[in-house]
Amino acid sequence: MLNSYIPVLVLAVLAAVLAVGMVVLSFLLGPKRPDQRKLSPYECGVTPVGSAREKFPVKFFLVAMLFIIFDVETIFLYPWAVTFKDAPKAVQAFNLIEMGVFIAILFVGYFYMLGTRALEWEESERAQPRRVQLSDVARKLEPASREEAVLPR
Amino acid sequence: MIAAVIQFFEQHPLLWTFVKAVVLASFTLMIPLAVIWIERKVAGFIQSRLGPLHVGPHGTLQTVADALKLLLKEDIVPDGADKRFFYIAPYIAFISTVLSFMVLPFAPGWVALEMNVAVLFVIGVSLFNVVSILMAGWSSNNKYSLLGGLRAVAQLLSYEIPMVLSVLAVVFYTGSLSLTEIVEYQVKHGWNIWHPPIMIAALIYFICALAEINRTPFDLPEAESELVSGFNTEYSGMRFAFFFASEFANNFFITAFAAALFFGGWDGPILPPIVWTFLKVFVMIFVFMWVRWTPPRLRIDQILRFAWQLLVPVSLVNLLFAIALGVK
Numbered sequence: 021m022l023n024s025y026i027p028v029l030v031l032a033v034l035a036a037v038l039a040v041g042m043v044v045l046s047f048l049l050g051p052k053r054p055d056q057r058k059l060s061p062y063e064c065g066v067t068p069v070g071s072a073r074e075k076f077p078v079k080f081f082l083v084a085m086l087f088i089i090f091d092v093e094t095i096f097l098y099p100w101a102v103t104f105k106d107a108p109k110a111v112q113a114f115n116l117i118e119m120g121v122f123i124a125i126l127f128v129g130y131f132y133m134l135g136t137r138a139l140e141w142e143e144s145e146r147a148q149p150r151r152v153q154l155s156d157v158a159r160k161l162e163p164a165s166r167e168e169a170v171l172p173r
Numbered sequence: 014m015i016a017a018v019i020q021f022f023e024q025h026p027l028l029w030t031f032v033k034a035v036v037l038a039s040f041t042l043m044i045p046l047a048v049i050w051i052e053r054k055v056a057g058f059i060q061s062r063l064g065p066l067h068v069g070p071h072g073t074l075q076t077v078a079d080a081l082k083l084l085l086k087e088d089i090v091p092d093g094a095d096k097r098f099f100y101i102a103p104y105i106a107f108i109s110t111v112l113s114f115m116v117l118p119f120a121p122g123w124v125a126l127e128m129n130v131a132v133l134f135v136i137g138v139s140l141f142n143v144v145s146i147l148m149a150g151w152s153s154n155n156k157y158s159l160l161g162g163l164r165a166v167a168q169l170l171s172y173e174i175p176m177v178l179s180v181l182a183v184v185f186y187t188g189s190l191s192l193t194e195i196v197e198y199q200v201k202h203g204w205n206i207w208h209p210p211i212m213i214a215a216l217i218y219f220i221c222a223l224a225e226i227n228r229t230p231f232d233l234p235e236a237e238s239e240l241v242s243g244f245n246t247e248y249s250g251m252r253f254a255f256f257f258a259s260e261f262a263n264n265f266f267i268t269a270f271a272a273a274l275f276f277g278g279w280d281g282p283i284l285p286p287i288v289w290t291f292l293k294v295f296v297m298i299f300v301f302m303w304v305r306w307t308p309p310r311l312r313i314d315q316i317l318r319f320a321w322q323l324l325v326p327v328s329l330v331n332l333l334f335a336i337a338l339g340v341k
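Protein chains in written order, with the numbering used here: chain A, 21 to 173; chain B, 14 to 341.
As structure tokens, this is what we get:
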């Protein structure tokens with residue numbers, strides 16, 4: 021069974037060898053004259069200000085979490101879609117209802133996401149500009165409680 | 014002579030696999046040269062310029078010259094970069110692109126690996142691209158790279174879901190995950206695009222494909238006017254070339270995938286199948302380039318809102334529509 025995936029491994033290794041080989045070739049052929057200016061992070065010619073390992077909006081993380089939830093759910097639909105047509109009529113009817121329920125639950129989760137305004141980016145612009153804090157996210161995830169969520173700081 | 018060669022490879026399947034792998038990997042390296050040349054020509058003509066002209070007839074060798082130039086450039090790793098991630102990010106991008114080509118049927122029998130879960134394989138493998146972009150953006154120790162990488166990841170992940178859902182409509186109709194079987198189904202029953210739900214699915218796929226390969230109006234990950242070059246700002250020489258090459262190879266792949274899913278793959282009259290595949294792919298690539306020079310760039314929150322608040326529900330409803338029409 022796994023034998024049929026050997027070509028994938030062969031190709032992956034070959035592509036890696038090819039890519040590494042070309043980078044090594046470029047390393048051998050290219051000039052090597054590093055200096056301090058050249059090696060400093062590029063910031064449009066200005067001396068870099070501060071570190072690049074900054075805080076970034078937690079919204080990006082939220083998008084990734086939402087992606088995981090929805091992607092697992094959509095991938096779950098694939099085996100269902102493949103086997104649907106070959107199944108006998110009675111099983112088909114059952115499958116159909118089952119999937120209707122599944123998609124309905126997916127929609128419930130989706131509307132909950134909309135309701136908690138998980139993807140509203142402008143919110144912090146309307147108020148005075150400030151950084152998004154963990155407690156903001158916690159509050160968004162629990163729309164019922166108006167009080168600020170108590171989180172260890 | 015030819016029969017002897019065929020017999021030889023039938024006796025040594027691993028060697029045959031290796032030959033196919035070599036052909037596929039070099040194809041993935043060569044196709045960006047062509048696509049980039051077309052891109053620059055199309056861009057030129059749309060802006061009333063001539064585009065590359067001097068190297069080779071009509072500038073066809075310009076990208077080859079550019080690749081050679083990149084080969085001879087200094088390999089710079091910025092101070093404070095996380096070296097391990099910085100080094101391997103372009104390789105991961107390239108490998109994931111090459112692997113996705115593996116299950117693509119170019120013509121009857123012209124597929125490197127006949128896989129019964131090809132569609133899932135493509136979805137899984139192409140997501141490695143996101144990993145490489147995040148690695149490159151974070152490890153560069155550059156603010157532009159970090160922002161570009163984060164934007165790219167948020168955008169690619171958000172558009173992945175409507176894309177997967179729109180492909181699901183096709184899978185539902187054809188009842189197979191193998192790309193070859195999907196194309197063969199279309200040769201027998203007519204192209205998928207003529208079913209109304211799949212027409213909507215194809216439109217969603219088209220929008221998501223634009224976002225997946227970072228094209229205007231979704232080219233925020235490398236918005237030149239604000240982020241210099243986005244996640245690959247700090248990359249130079251061959252490492253940059255691999256990012257660039259895998260981006261354009263992905264451009265080719267995503268259209269070829271669409272051709273196989275919606276437009277009957279190699280199906281077409283008179284001309285040989287392989288010509289039809291390439292014809293469909295290049296027509297779609299041209300449309301992508303045309304779009305690039307027409308609408309302006311959006312903002313990251315607009316892009317994400319568009320994906321989550323419009324494309325996801327529309328593709329889910331469209332899936333129900335497809336099921337309703339498909340059940341007999």
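Glycine included, every Cβ here is placed at the ideal spot set by N, Cα and C.
- Distance from I59(B) to W306(B) at the Cβ level is roughly 4 angstroms; contact confirmed, criterion being Cβ atoms closer than 8 angstroms.
- Residue state for L116(A) is assigned as helix, using DSSP reduced to three classes.
- Chain B places no beta carbon closer than 8 angstroms to that of I117(A), leaving this residue out of the contacts.
- Closest option to V128(A), judged by alpha-carbon separation, among P27(A), L59(A), E93(A) and A32(A): E93(A).
- Within 9 angstroms of the CB of T30(B), the CB atoms of chain A belong to I26, P27, V30 and L31, in sequence order along the chain.
- Among the residues of chain B, none has a CB under 9 angstroms from the CB of G129(A); the nearest is roughly 11 angstroms distant.
- Nearest to L133(B) by C-alpha distance, out of G135(A), V102(A) and G120(A), is V102(A).
- In the three-state reduction of the DSSP assignment, N129(B) falls in the coil class, being assigned neither a helical nor a strand state.
- A direct Cα-to-Cα measurement between A165(B) and P234(B) gives close to 5 angstroms.
- Contact with chain A is absent for Q24(B), since none of that chain's Cβ atoms lies less than 8 angstroms from the residue's Cβ.
- Two segments are said to touch when three or more pairs of C-beta atoms, one from each, lie closer than 8 angstroms; by this definition the segment 168-185 of chain B does not touch the segment 103-121 of chain B.
- Within the same chain, and ignoring the five residues on either side of L329(B) in sequence, the residues whose Cβ sits closer than 8 angstroms to its Cβ are L178.
- Residues of chain B whose Cβ lies closer than 9 angstroms to the Cβ of D55(A) do not exist; the shortest such Cβ separation is about 11 angstroms.
- Residue-level contact check: A110(A) does not touch chain B, since none of the beta carbons of chain B fall below 8 angstroms from its beta carbon.
- By the Cβ criterion, the segment 64-78 of chain A is not in contact with the segment 109-117 of chain B, since fewer than three pairs of Cβ atoms, one from each stretch, lie closer than 8 angstroms.
- Neighbours of K58(A) in chain B, taken as residues at a C-beta separation under 7 angstroms, are given in chain order as I89.
- C-alpha of D232(B) to C-alpha of Q168(B): approximately 10 angstroms in a straight line.
- Spanning the alpha carbons of C221(B) and A120(B) requires a straight line of approximately 26 angstroms.
- Interface annotation, T94(A): in contact with chain B, CB-CB separation under 8 angstroms.
- Contact between A125(B) and I195(B) fails: their C-beta atoms lie close to 17 angstroms from each other, not under 8 angstroms.
- Cβ atoms of M302(B) and V43(A) stay farther apart than 8 angstroms, at about 29 angstroms.
- Nearest in C-alpha terms to L117(B), of all of L85(B), A271(B) and G243(B), is A271(B).
- By the Cβ-count criterion, Q20(B) is exposed, with fewer than 16 other Cβ atoms from all chains shown falling within 10 Å of its own Cβ.
- In the three-state reduction of the DSSP assignment, W289(B) falls in the helix class, which pools H, G and I.
- Counted as a single uninterrupted DSSP element, the alpha helix (DSSP H) harbouring I195(B) occupies residues L192 to H202.
- Distances from the CA of Y25(A) to each of I283(B), Y157(B) and M115(B) were compared; the closest alpha carbon is that of M115(B).
- Against V177(B), the close residues of chain A are D91, T94 and I95, in the order they occur along the chain (beta-carbon pairs closer than 8 angstroms).
- Of the candidates D95(B), F255(B) and K156(B), F255(B) places its Cα closest to the Cα of L81(B).
- Annotation: the continuous alpha helix (DSSP H) that includes G150(B) extends over F141 to S152.
- Here the alpha carbons of K86(B) and A39(A) stand approximately 16 angstroms from one another.
- Taking 8 angstroms as the CB threshold, L159(B) lines the interface with chain A.
- Counting C-beta atoms within 10 angstroms of its own C-beta, G162(B) has 16 or more neighbours from the protein chains shown and is therefore classed as buried.
- Within the segment 107-125 of chain B, the residues whose Cβ lies closer than 8 angstroms to some Cβ of chain A are F107, I108, V111, L112, M115 and A125, listed in chain order.
- Between the segment 92-101 of chain B and the segment 149-156 of chain B there are three or more C-beta pairs closer than 8 angstroms, enough to call the two in contact.
- Residues of chain A with a Cβ closer than 9 angstroms to the Cβ of E225(B) do not exist; the shortest Cβ-Cβ separation is about 13 angstroms.
- With the rule of 3 Cβ pairs closer than 8 angstroms, the segment 116-126 of chain A does not count as touching the segment 203-217 of chain B.
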